[in-house]
Each structure stands twice: as structure tokens, then as C-alpha cells.
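Asker: Protein chains in written order, with the numbering used here: chain A, 821 to 968; chain B, 3 to 150.
1) Could you tell me the distance, in whole angstroms, from the CA atom of residue 871/A to the CA atom of residue 109/B?
2) Which residue wins for smallest C-alpha separation from residue 121/B, given the options 940/A, 941/A, 936/A?
3) In its own chain, which residues sit with a C-beta less than 6 Å from the C-beta of residue 888/A, not counting the 5 before and 5 after it?
4) Can you tell me where the alpha helix (DSSP H) holding residue 89/B begins and where it ends?
5) Can you tell me whether DSSP reads residue 896/A as helix, strand or coil?
6) Tell me the DSSP bridge mates of residue 932/A?
7) With DSSP as the reference, label residue 68/B as helix, strand or coil.
8) Could you tell me if residue 49/B is buried or exposed, where buried requires 16 or more neighbouring beta carbons within 10 angstroms of its beta carbon?
9) Have a look at residue 106/B and residue 44/B and give me their C-alpha separation to the nearest angstrom.
10) Per DSSP, residue 869/A is paired with what?
11) Determine the direct distance from the alpha carbon of residue 826/A to that of residue 150/B, and round the result to whole angstroms.
12) Under 9 Å, Cβ to Cβ, is there at least one residue of chain A near residue 71/B?
13) When you compare each of 113/B, 65/B, 112/B to residue 9/B by their alpha carbons, which one comes out closest?
14) Look at the alpha carbon of residue 829/A and the alpha carbon of residue 69/B, and state the distance between them as a whole number of angstroms.
15) I want to verify the contact list: residues of chain A whose CB lies under 8 Å from the CB of residue 63/B, in sequence order.
16) Return helix, strand or coil for residue 840/A, following the three-state DSSP convention.
17) What residue does the beta strand (DSSP E) around residue 916/A start on, and which one ends it?
18) Roughly how many angstroms lie between the CA atoms of residue 57/B and residue 97/B, to the nearest whole one?
19) Nearest CA to the CA of residue 76/B: which residue from 13/B, 114/B, 28/B?
20) Mind checking which residues open and close the alpha helix (DSSP H) that includes residue 903/A?
21) Helix, strand or coil, according to DSSP, for residue 850/A in the structure here?
22) Taking the continuous beta strand (DSSP E) assigned at residue 882/A, which residues delimit it?
Here it is, written out as C-alpha cells:
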């Protein structure tokens, strides 16, 4: 797939034009992915509601039956369940990395392994999150590799 | 609390099953080789307690937070009672000479050390693989979008 990006200063909204021979499943999956990533999420913080773009979210984490949505520095509470988020964002860069977390893989800076065999992902905001061994094959596939 | 106790109980049960099989073989060999009777309660009780300490060692080693070296050390320390349990189970039949207990402790240490090295090496290998995939993905995105 060839990606061409044109920077035009005087346009108000970002526009994506897909050029293809015919619209097939592959093209549809690109459209789904683009739409999902532009999806808005409502998060609550200190009694106020905020609208967030999925692309700004680093990860969703479930703690004591509550689901939190973590952006670069802020943490918001969402009304969605983790499995609902997983279903909604299927086909997007959001991937479940352990029992209680769905991570935006575009925010991963590097991976670090620990002496006890655990794997961690260092995010762009310096935060470290645990990657469970069970989810590593899916992560590899998402990064363009092959699951063994 | 549930999150700590249930996984520990599962580990204990699995390790107990494995320990029982190993001890069954060892007991059978001892009975055949030396022609002595080993008390059933000693072996069954010993297996249960031994499995507990091994599960504790594994749990301490795999714990999420804390200093990595300390966790490895704690895991090793919690294995120490296994040596005394073996002495309690088989008594002078196997541990006729005092140095036998040191040899057994040495074997336990070597097994633990090898397990730590293997786990760390596997995690390192996986880390390398994931980082390579991540770099390749970033490179392909950069080549698709040279202006960025």
C-alpha cells in the first residue's frame, strides 16, 4: 500500500482519499481502522465530562470494576467495560496486552524485559505497562511479525 | 487479596501434582534399590509442603513490583526448606552421609539458577524480536511519509 501525504496549509479539515481498483475487504478494513481511530470517547474527571479522540488515548485500564482511560498525563473514567472497548476498537491499533489493559500500540516507544521473564512496554510518556505472555503473539502480528 | 490467593493456589496444585509424580519415582527407586519402607504419611505430607514452598518461590520470583535481584534472592531463600523436607522424607536412606544434604542443596541451587537464566534469556530474546518489529514498523511508516 502506498501512502501519500500532502500538506496543504489552507484547508480546514483533514481529508483522506483512497485510490483503489475496486472497493474490497482490504479497503473496507482501512476505512474501519481510520473511522475507529477518529472515534470520540467520553471520559469523566472530577465530575466533569471530557471528549477524547481515540488517537490521544494511551491505554484503557480496568481497576476494581472501573475502567479508566489514560491519555498522556490525564486519567479519565469511562462508562464502558473493557470487553466493549475491545470489541469496538477491533481492527484498530488498540490491543489487549494483559487481563486488565487495552493498549494503543502506536504509543509504544520500546519493549523491556525483566529478569523474572516479564515483559514491559515503555510508552511515549515514559510510563511502563506490563505485557502478558499470552498476548505477545497477537502483539507480534499487529507489529507486522508472525505469531509462533 | 483474591488476585494473590487464587493464582497461588493454582500454582500450588499444579506443582503438587508434578512433585507427587517425581516423588513417586524417587520413592519407588529408593524402595527397589535399598529395600526399605518409606512411611506414606512422610512422603505425602512432604510433597504437599514441598509444593507449597516451590509455589511460594515461583510466586516471589514472578512478583510484579520490587527490586529484581531481591525477588530472585527471595525466591531462592524460600526454596531452602525443600532440602530439609527431603531429609525428613527419606532420612538416612538417601542422606546417610552429611555431605549428601549439601549436594542436594547444590543441585537445587543449580536447577534454580538454570531456571532463572533460561527465563531471562527467553524474555530478552522476545524483547529483541519485539523491538525489531517496532523499529521496522516505524521505519516503514517513515518511508511512507518522508515529510514527517
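Backbone N, C-alpha and C define an ideal beta-carbon position, used for all residues, glycine too.
Answerer: The short version:
1) 59 Å
2) 936/A
3) 881, 895, 897
4) 82-96
5) Note: residue 896/A maps to strand in three-state DSSP.
6) 940/A
7) Reduced to three states, the DSSP call for residue 68/B is coil.
8) buried
9) 18 Å
10) 864/A
11) Unreliable positioning characterises residue 150/B in this predicted model, as indicated by a pLDDT of 44, which lies under 50. The coordinate reading is nonetheless provided below. Whole-angstrom Cα-Cα distance: 11 Å.
12) yes
13) 65/B
14) When rounded, the distance between both Cα atoms is 51 Å.
15) Simply 936.
16) coil
17) 914-918
18) 25 Å
19) 114/B
20) 902-908
21) helix
22) 879-883
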